[in-house]
Structures are given as C-alpha cells and as structure tokens.
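Residue numbers (my numbering), protein chains in the order written: chain A, 1 to 591; chain B, 1001 to 1285. The C-beta atom is built at its ideal place from N, Cα and C for all residues, glycine as well. No experiment lies behind these values; they were computed from the predicted model shown. One structure below.
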Amino acid sequence: MTTPDPLKARRRADAIGCLVPLALAGAVVALLAATWPSPPEGPRWRGAGDAEPRSGGTFVFHHEENVRTLDPHIAYDELSGMAVRLMFDGLLDYDMESNLVPSLAEAMPEVSDGGKRFRFRLRRGVQFHPMPGHPEGRELTADDVRWSMERLLSNEVGSPGYPFYSAIEGAGEYHEGAADHVAGIRVIDRYTIEFQLTEADQTFLNAMAMTFAYPVPRENYAHWGEEVKFHPVGTGPFVFESWERDVELRFRRHTRYWDPQPNPDEMVFQENLNRELAALLFRNGDLDAIHRQSPSDYRFFRDAEQWADYRDEFPRVSTFGIGLNCEMEPFDDVHVRRAIAFAIDREGWNRARAGRLLPAGQILPPAIPGHDPDLPEAHRLDLDVAREEMRLAGHPDGLPEPITVWITGQDDTARTYGELLQHDLAQIGIEVRLRFVSFAVYLTESGKPNTAPAFFTGWNMDFPDPSNFLDILFHSRSIHPENSENRAFYRNDELDGILDQARSETDRERRLGLYRQANAIISRDAPWAFTYNPLSMELWQPYVKGYEPHPVWFEDYRNVWLDLPRERLTRRLTGRGASAPAVLFPAMGAL
Amino acid sequence: MMDPRAWRRFRKNKGALVGGILVVFVTLTAVFGPLLAPHDPNEQLRDVLLQDDGAPVGIGQVEGHPLGADSTGRDELSRLLYGGGVSMMVAYLATALAIFIGTLAGVTAGYFGGWIDFGWMRLVDLMLSLPFLLIAITIRRVIEEPQLWTLILLLSVLSWTTLGRVTRSKVMQIRELEYIQAARALDMGHLRILLRHVLPNALGPIIVLGTTLVARMIIFESALSFLGLGVEPPDATWGSMLNEGRQQMMSFPRLMLFPSMLIVMTVFGFNLLGEGLRDAFDPKD
C-alpha cells in the first residue's frame, strides 16, 4: 500500500476546491430554472357566483407613487384623489356618462339671477365618520358646507383649488383677509345653502363637484390642526383607518353611510408598488386591480384571452409633456422651448412603450371640445424647425450647459422615459441630466417659483371642459408662492384676457372659439413641450364586481363589491397577500 | 521582496490560473470594449431595433446586432462592452484609492503606534459601524448632481478599513524584526525605512486583499446601479443593465441574463485569483 503524496493530494484538493463553487452556482441556477416563477396565465380565482351584491372581504389596490395628503382642500393629484374619493362625498357627482348628478345635494341646485345664484338643498341624515368629540359621527349641515368652502378659499390654506371658486361674491376680499366671511355663501337654514356669483361662470357646478368642495367637519380640523391631512373625516362610504407612510393606507366600510351599498369591509391602498411587481402580484391573485403596465406586461394582458372579460382599454383624457419653467434660464427664451417641442420623436416613444402613447402636440386632448386635429402650431417632430429655433435662440450648436429635468419615480419606467428624452434632445445639442424625485416632492417643489427648471408633467381632466386644462395650467392666476398649478410659471396677458372672457361667455360656439385661440397660443409659446395622450388599460379580478373605469374619476373603487371565492377568503384569514405564495415557488409548496 | 517560490506555487494552483485568465479576459474586454463595440451604446435605433409592437429584437434577428436590443432599441452587445468598461473602471479606481488609504493607515498606525495608531483604529471602528449600503444610498441621494468620481470616492472611503487593519498588524510584526532595528541603528529616516523596508514586506496581504476588494467593488457598484444610484443615465454599467432587464424579466430574460452572467464571472475570477495569491504568498505550506 502506498501512502498518497500529501502535496499531490493538496493540489488535487485545490483543483476540486475551485470546482466546488462553480458546481454550486450551477446547481443554484438549475434549481432556479426548474422552479422559475410562472404565475398562472389566467385569473387565479374566479368569483363564487353570487349574483346578489354583498358586503365583505378586503379589496387591495395600488399605485406606483406615494400619496401626498388626505386633506381634500390641498389634494390635487390622481393618487390623493383615489383615496379622497373613498372617504368623502361632494354636493354633486358625475354619472358614468360624465353628467352632473346630485350626491349630498337632494337635487340639482335651483339656478336664478341669470345663472349667478345657486341654491342647494342638502340630503337629510348624512353622517360624518366618527371623529374627535363625536365618537358616533354627526349629521352634515349647511354650516359645514359653508365652513368647508371658507377654509378652501382662505389664504392660509393656500389651496390650489382657489381659482375655481373665485367667481363667488366676496371670495377675493375674504381671500385677502379683508372680510371675515365670504359674502356670496349664505346659509338659508340647516339644510339649505346658497352661492351668489359676481358673474356667470360656466364651470361653477363642475367646480362644486371637484374634490376641493367636499364638505369636511370643522371639529376635526380644530382638533388636529396641521396634522389633519393624516386624519381625514368625511361622509363617504369608507372610514379612514390608518396610514403607514409610503407603504399603505387602510379604510373600513362606513356602516352608517347615507346611501347603503354593498362594499368590501376593508380597503387597502398600497403605495409605492411599482408596476412590474404589481402585475406579478395581480396575476398571482394578491392584488385586486391594476391600472398601469410595463410594455411587456401590457403585451401579455392585451393578448391573454383569459383576461378579456376583466379588462378595459381606453384613451385617458390626459395630456403629458415636459414642463419648461418660463422664469428660469434657458427656458425663459421661447425659442429654446420651441426647439425642445420640435425635437421630440413622439412616434418613437410610442413604439418603445408598446403603442400606448398617442402623440400629442397641443394641451387639449382629443376628447375635450376645442381640440384641433389640424392645429398648425401643434408640436411635432421636425428637426429642421428645432435647429432653426436653436439658431434663433443664439445656440446654433446646442446649449453650453446641460439642462436638469425632474422626473418622478426611481424605477425603470422613469429611467426609460428620461432616456427617451435624453436621446431626442441630444439631436439638437441639448444634454439632459435627470433628477429623480418622488411624486410628493415633485408636487410640492415644482409648485414653487424658480425651483424646478424642467420636469415631466401631465394633466388629467377634472371635468370635461377646456377651461380645466387651459385656465388651471396656464393662467397667471394659477401662480402662487406655493402650490402653483401653473408649474411652468407662464404669464401672458393676452391669454389671461381670452380665458377670462371665455369663462363668462354664455354662447357655446363663441366660448369654444376663444378656447381654440388659447389652445393655439399655448402650442405656439410652448410652456410645455407636449408629448402624448396615454392609452390606458385597467384590469380587475373576476370576483371584483361593480367596477367600471369612470370617465371622470381615475381608479374610483367606491362602488366595488367582492364576490369572493372560498380560497381567497381562507387566505385572508391566514394573512393578506401571503409573502411567499406557493404557486410562485412550486418546489417550496411541495415541501 | 517577492518570493520567487511564490510564482511557482501560484502557477501550480489551477483555480488561481483560471481566475487569472478570467480577470485578464474581462479587463481586456473592458479596456478595448469601446473599440470593439459595433455601435454607439446610447443610440436608440427605434425604427430598426424595435418591432412594431415595441418589443426589442432578439438574438441574431437583425444583422449587425448579434445580441439584439434593449427596450429602447439600443444595441445590447455595445452596451455590455461599454458597461463593462465603466464597471471595471469604477472597481479598479475605487480599489486603488481604498488600497492607498488603507495602506497609509495601516503602515503609519502599525509603525508609529501610540496616538497615531489610536486615531486610525478609532476611525476604522467608526467606519466599520456604518451600514455600508444605507450610507451609500443616503450620500448618493443627498448629492445634487452625482457623477462617476463621487461614486468612486464613496466606494473607496467606505471599504479601506479591513485592509488598514490587516496591514497594521503585519507592520507591527515587521517593526520588531532585526533588519528594521538595524536600519534604525544606521539612523535611517522614518520615511526611508517605511518605503524601503516595511512596505515591501507588507505587500503580500495588501495584494491579496486588494484583489478580492476589486470583486467586492464590482458587486457594490452593481448593487448601487441596480438601485438606480450608480452611474447617470443613459450610460450603462452591468448593474444598471441588470436593473433595466428586470422590467422585462418575464418576456426577455436574456436582458437580465447577460449582465448578470458577466458580473458573476468577473467576481468569481477575482475571488479565485485572490485565493491563489494568498496561497502563493503564504510560505507555511
């Protein structure tokens, strides 16, 4: 028997030692490949088959950004709107055909004095949610409506909604602190309130249906002060329960809701959940509805037969663009702004995002009256025009300094949009630096003067009227020290005049003519470089009933009820959204 | 100085040789990648490299783009080649800087002892108590206009500590040896002793640790880029490409597979090389 040469053995061990990690890595890859997560092709659970609507269950939905505030007087973005719509009601609301209908008001208001006086009668027995001092809630009265409107119009609150209501008599004096109350808001009796306008305003009733005008109880504001945005109290179908900042909001069903309807017992609104993850959770049955998809997920859902009955695809009444701050260099030069507007390859963006970005060259989307499909001033890709504008701006070889563009989100979607813009503007010699910020930061900071030089932005309609795009985004009245909605800080007396005239014009054709004129001016001056009108696809689980995408409100889940199958209910008991669902890792499920 | 037997030992170690070859290969592609790359890595050929429904073309579907395209229609091969260059440059520069700081700390602390030693070691304790990723994320978020050199600086400042400690203990050993005593007796200056006699003898562990540090830097850079805190868009590194590929993971796994394979290969190579060097420099065999 020979003794093995220790040196040789050592060398062999070394050789093996180097192979072991390789083999291990191989084994891990093989294991991963064998158990590669493959969520089901179709819906994981179907409904139990109850035809009768009923309450119960937990509805889980999401958004990829974070909610900024739950104070309806400040909230003016789609996410906060999603939460606010669950907890609050307005005097008026919209039906599925975008018509105004009464909600907290018993009926549509009586209009008199040539369209300048509106008298609302409140529904009786409308209950606020439980709040400090009123553990059982209390009834809504006309005084609440007046107090809410006055808070909204006050200068301290600085609501971005103020311009919508400035036609109310005495609103200006009150806003400036010259009066203790708004003269034009009169409480007639416990259930009747009257609004007097100084001049006819075609959009006043639309404004009264906006979330700004949702009545809130003054006791709650007195109790919480500045902190009220974390402790909302309204009259809506859901009561606020908790908010873990940047993670999720929870709501439970309001059992004393004035309009009893079947609803889930609990609503969970997950924030900051990116769209790829959301799509996977949704396919796995852990999320009940999704509304934005990455191009690959979009292609999957569009082609998946099994989802055909649970999806809806429609153009959103929104316009997106690159906001250019007209008070900051180099965008104070109209030629630089126009050069950017004509350098963007909208068709290319559309292709890169799977055909869901319909090219836009003007602020008014196609569904809004006043949109002109043949607008000569409309933005489009034309590098000759763009280069000529750069020459007129005195920068024939491009800008000497890079520009900083703000973009919301940290994820790959934001990065992709940023890179699309970088690529296009490089063609005219503009270098783009991207600054990634959260949606809440974007909303707060870009509303202040001289802060955000350029930014990805967009506008969803609040109501189907051109004034909702033109007035709010480009009138100099929308510029404030904070919470400006005119984030481009664009000032043009000519435009202001046209918009003011249109606001009180009663002849529909003449009014639309004025808005067409305003629309053309905005494209000409390019405070935004318009990019696209989005095509949207929403999906929901088969057991989600009573949901249909609303033409005015985005992701409005207040009428949902759940026809929950038993498996889904069982899982609810073992913990919502079980962290490692068995189907994602079949090997683990077998253990 | 370096032991001639070390090279013989190193050559006999097959793992180290494999590692060495991987490292040389990756370094060469990183250096010459931009010359080899067939296209501009940031040019979006939206008409050519995206299909009608927006899906990027795959491997070998379009001539001249052997690895297909990413989701905005950029040539995948060119991005991998350029991305490797950036990844490797960050890793090498950050390591070089970390070695410089660590060696300076270790040599002065070990040689002089006393207050200098105390000062350096408390600094090391402090640095070790910082959670690396959290600090890196915080600083990257606070800096208004992050650039490549801030990333390099950040990575090196946060990772010189182990090297400093090991060097210090080695130098404390050397300090007591006869030839140092002799040098002192000959009235040599501190600087000369340090550079001519202490440092060369402490070089072994520094080289070994430095090699494995490169591997760790590549991982850190990838991690930060994956979190969107690495290089600025539109430039690519393997880490950021991994992040971009994640979105398409289900439909186009190759976009994630290529960069991740390269990262694994590189890190593996550096670790093997480091192991081999350690064995080679360790005479107790």
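* **Residue-level contact to chain A via CB, Q1061 of chain B, 9 Å cutoff** => no
* Is it a yes or a no for the stretch 200–208 of chain A touching the stretch 217–232 of chain A, going by three-plus beta-carbon pairs under 8 Å? -> no
* **Beta carbon proximity, M1249 of chain B to chain A, threshold 9 Å** => yes
* **For A308 of chain A, three-class secondary structure by DSSP** => helix
* Asked: Using the beta-carbon count (16 or more within 10 Å), is Y165 of chain A buried or exposed?
  -> buried
* To do: Assign W45 of chain A to one of three DSSP states: helix, strand, or coil.
  => coil
* To do: Would you identify the three-state DSSP class for G1269 of chain B, choosing helix, strand or coil?
  => helix
* V182 of chain A: CB within 8 Å of a non-hydrogen atom of the ligand MN -> Among the components modelled here there is no ligand, and therefore nothing to report on the ligand MN.
* Asked: By the criterion of Cβ-Cβ separation under 8 Å, what are the contact partners of V1264 of chain B in chain A?
  -> A25
* **Cα-Cα separation, H550 of chain A to A48 of chain A** => 25 Å
* **Residue of B:F1268, B:L1036, B:L1097 and B:T1162 minimising C-alpha distance to M1127 of chain B** => B:T1162
* Give the interface partners of A1223 of chain B over in chain E, defined as CB-CB distance under 9 Å, in chain order. => Here chain E cannot be found, since the structure's protein chains are A and B.
* Contact between the stretch 140–157 of chain A and the stretch 191–198 of chain A: three or more CB pairs below 8 Å? -> yes
* Asked: Are the beta-carbon atoms of I1101 of chain B and I1206 of chain B separated by less than 9 Å?
  -> no
* Asked: According to DSSP, is H62 of chain A helix, strand or coil?
  -> strand
* Ordered along the chain, which non-local residues of its own chain (more than five positions away) have a Cβ less than 6 Å from that of I340 of chain A? -> A529
* Pair every Cβ in the stretch 368–388 of chain A with every Cβ in the stretch 404–412 of chain A, then say whether three or more of these pairs are closer than 8 Å. => no
* Asked: Is it right to say P72 of chain A is buried, meaning 16 or more other beta carbons lie within 10 angstroms of its own, or is it exposed?
  -> buried
* Asked: Under a CB-based cut-off of 9 Å, is P1200 of chain B close to chain A?
  -> no
* Check the Cβ-Cβ distances between T1211 of chain B and every residue of chain A, and say whether any is below 9 Å. => no
* Asked: Do you know offhand how far L86 of chain A's Cα is from V1157 of chain B's?
  -> 49 Å
* Asked: Are F212 of chain A and Y94 of chain A closer than 9 Å when you measure CB to CB?
  -> no
* Asked: Whose Cβ in chain A lies nearer than 7 Å to the Cβ of D1053 of chain B?
  -> R299, A354 and G355
* Are there 16 or more other CB atoms within 10 angstroms of the CB of F301 of chain A, so buried, or fewer, so exposed? -> buried
* Can you tell me the Cα-Cα spacing of R124 of chain A and R283 of chain A, whole angstroms? -> 44 Å
* Curious, which full-length beta strand (DSSP E) runs of at least 3 residues does the stretch 496–520 of chain A contain? -> none
* Asked: First and last residue of the alpha helix (DSSP H) that includes R337 of chain A?
  -> V334 to A341
* **Enclosing beta strand (DSSP E) for E194 of chain A [first to last residue]** => T192 to Q196
* Best match in A:E52, A:F331, A:P232 and A:P481 for proximity to Y214 of chain A [C-alpha to C-alpha] -> A:P232
* Which of the residues in the stretch 1026–1059 of chain B, read from start to end, lie with their CB under 8 Å from any CB of chain A? -> N1042, E1043, Q1044, R1046, D1047, L1050, D1052, D1053, G1054 and A1055
* Examine chain A for any beta-carbon lying closer than 9 Å to the beta-carbon of R1005 of chain B, and answer yes or no. => no
* **Best match in A:Q410, A:R433, A:T413 and A:R380 for proximity to E401 of chain A [C-alpha to C-alpha]** => A:R433
* Asked: So what's Q422 of chain A in DSSP terms, helix, strand or just coil?
  -> helix
* To do: Below 7 Å CB to CB, which residues in the same chain sit around D332 of chain A once its five sequence neighbours on both sides are set aside?
  => C326
* To do: Could you list the residues in the stretch 402–419 of chain A with a C-beta less than 7 Å from some C-beta on chain B, going in chain order?
  => Q410, D412, R415, T416, G418 and E419
* Cβ of T1237 of chain B within 9 Å of any chain A Cβ -> no
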